[in-house]
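Peer 1:
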């Protein structure tokens, strides 16, 4: 039985996966490179994410059921999907492992410092595997449950930190030059390309829903919200201090002045972030499992879920600590590998779609 999700659930998944992890991990890198214009960098990233997502949507809409990989298998043969699925699954397994590493590091540093990192990774992976086996609908509904309070937090936060904004510490516009903005965008492009996951979501999106509209709402609003939050961080802390903090986004909630129960506010938002992060981890594992299973013709997905889930735990431990990860993420080969993989998936999808159209045209002419 095919599972369908509404446009609202589809957009919720995109917002949560494009915003939650990036809010905690990206501001430090962006503010270090672009200064107080880091919010412009986020908007540039949003344009790239939208281009990738809308390109996939356009390709998917060339087919009646919005499933280009299925059409390629049926028309050109299963072999034609193997290069696409291999790149796509490898990309999602890597993102799953890196996100798992980020969440385990965050949890160990701020919540459970005495717990071994591998224990946290195994616990998160077991929860993720269970969630993946339930299907895409529970993931989407949980994302919607996270999105509603998340919107409330974003709307209220400017009032909570308004007293901490110091106009005298604001740098001149483009103080670090536009080259800093572009440098920050280059470092963060791999994360923006995660919008490629719409390829797997499109087959579950209700056929009565306009996919362009909800993709624009999901990806666009996520990056707009991220730009606002990065701007708030720079206005409160300046452009120097956040680049020296491990999690400046988390520190922003430490100075909320709405009530005296700051610890409770922080705890609530931390739970919200953890739930959103688990959704992000589960979604990327789900995508890898689903596409791999369909490509190989596997009906029962339990064992492949366990194998990929365990592989992610191994990669998360092998990847090293947060500082090592940050140094690797700045390497040109690492960034280029991600971008090349994302664009290769798009190019192969486009080429296969063209071949299908040509074959259908030849059949019609005959």
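In the working numbering, the protein residues as written are 1 to 366. Note that CB positions come from ideal geometry on N, CA and C, so glycine has one too. Predicted, not measured: the structure shown is a model, and the values here were computed from it.
Rounded to a whole number of angstroms, what is the C-alpha to C-alpha distance between residue 26 and residue 45?
Peer 2: Here residue 26 refers to the residue found at position 26 when the chain shown is read from its first residue. Here residue 45 refers to the residue found at position 45 when the chain shown is read from its first residue. Going from the Cα of residue 26 to the Cα of residue 45 covers about 11 Å.
Peer 1: Determine which residues share a DSSP beta bridge with residue 205 and list them.
Peer 2: For the purposes of this step, residue 205 is taken as residue 205 along the chain shown, with counting starting at 1. For residue 205, which the question treats as bridged, DSSP gives the partners 5.
Peer 1: Cutting at 6 Å between CB atoms, please list the residues of its own chain near residue 14, excluding the five before and the five after it.
Peer 2: Mapped onto the chain shown, residue 14 falls at position 14. So the list reads 218, 219, once near-sequence residues are dropped.
Peer 1: Could you give the distance in angstroms between the alpha-carbon of residue 370 and the alpha-carbon of residue 2?
Peer 2: Residue coverage of the chain in this structure runs from 1 to 366, which leaves residue 370 outside it and unanswerable.
Peer 1: Does the beta-carbon of residue 22 have 16 or more other beta-carbons within 10 angstroms, so that it is buried, or is it exposed?
Peer 2: Taking the first residue of the chain shown as position 1, residue 22 is located at position 22. It is buried - the Cβ of residue 22 has at least 16 other Cβ atoms within 10 Å.
Peer 1: With a cut-off of 8 Å on the beta carbons, I'd call residue 107 and residue 285 a contact; round off their distance for me.
Peer 2: Here residue 107 refers to the residue found at position 107 of the chain shown. Here residue 285 refers to the residue found at position 285 of the chain shown. That pair is no contact at about 18 Å.
Peer 1: Residues in the same chain with beta-carbon distance under 8 Å from residue 292, minus the five sequence neighbours each way, listed in chain order, please.
Peer 2: Looking up residue 292 in the chain shown gives position 292. Closer than 8 Å at Cβ, skipping near neighbours: 85, 89, 298, 304, 308.
Peer 1: Using only CA atoms, which one of 190, 201, 146 lies nearest to residue 275?
Peer 2: Locating residue 275 in the chain shown gives position 275, counting from the first residue. For the residues 190, 201, 146, the minimum Cα distance to residue 275 belongs to 146.
Peer 1: Of all the CB atoms in chain C, is at least one closer than 8 Å to the CB of residue 198?
Peer 2: Given the protein chain composition of this structure (a single chain), no chain C is represented.
Peer 1: Whose C-beta lies closer than 8 Å to the C-beta of residue 272 among residues of the same chain, with five residues either side of it excluded?
Peer 2: Along the chain shown, one-based indexing puts residue 272 at 272. Contacts found: 146, 149, 150, 153.
Peer 1: Please list, in chain order, all residues of the same chain as residue 20 whose beta carbon is under 7 Å from its beta carbon, the five residues on each side excluded.
Peer 2: In the chain shown, the residue the question calls residue 20 occupies position 20. Counting only Cβ-Cβ distances below 7 Å, and skipping sequence neighbours, we find 273, 276, 277, 280.
Peer 1: Please report the distance separating the alpha-carbon of residue 252 from that of residue 289.
Peer 2: For the purposes of this step, residue 252 is taken as residue 252 along the chain shown, with counting starting at 1. For the purposes of this step, residue 289 is taken as residue 289 along the chain shown, with counting starting at 1. Straight-line Cα distance between these residues: approximately 36 Å.
Peer 1: Can you list the alpha helix (DSSP H) stretches of 4 or more residues lying completely in the region 91–141, in chain order?
Peer 2: 117–134
Peer 1: Beta-carbon within less than 8 Å of residue 348's beta-carbon, same chain only, minus the 5 sequence neighbours each way: which residues are those?
Peer 2: By one-based count along the chain shown, residue 348 stands at place 348. Answer for residue 348: 83, 84, 87, listed in chain order.
Peer 1: When you compare the region 155–170 with the region 233–245, are there three or more beta-carbon pairs, one atom per stretch, that lie closer than 8 Å?
Peer 2: yes
Peer 1: Using DSSP with H/G/I as helix, E/B as strand and the rest coil, what is residue 299?
Peer 2: As a working mapping, residue 299 is identified with position 299 in the chain shown. Here residue 299 sits in coil by DSSP.
Peer 1: So is residue 92 buried or exposed if we call it buried at 16+ other beta carbons inside 10 Å?
Peer 2: The residue you call residue 92 lines up with position 92 of the chain shown. Buried, because 16 or more other Cβ atoms sit within 10 Å of the Cβ of residue 92.
Peer 1: Can you name the start and end residues of the alpha helix (DSSP H) that residue 218 belongs to?
Peer 2: For the purposes of this step, residue 218 is taken as residue 218 along the chain shown, with counting starting at 1. Counting along the chain, the alpha helix (DSSP H) containing residue 218 begins and ends at 211–237.
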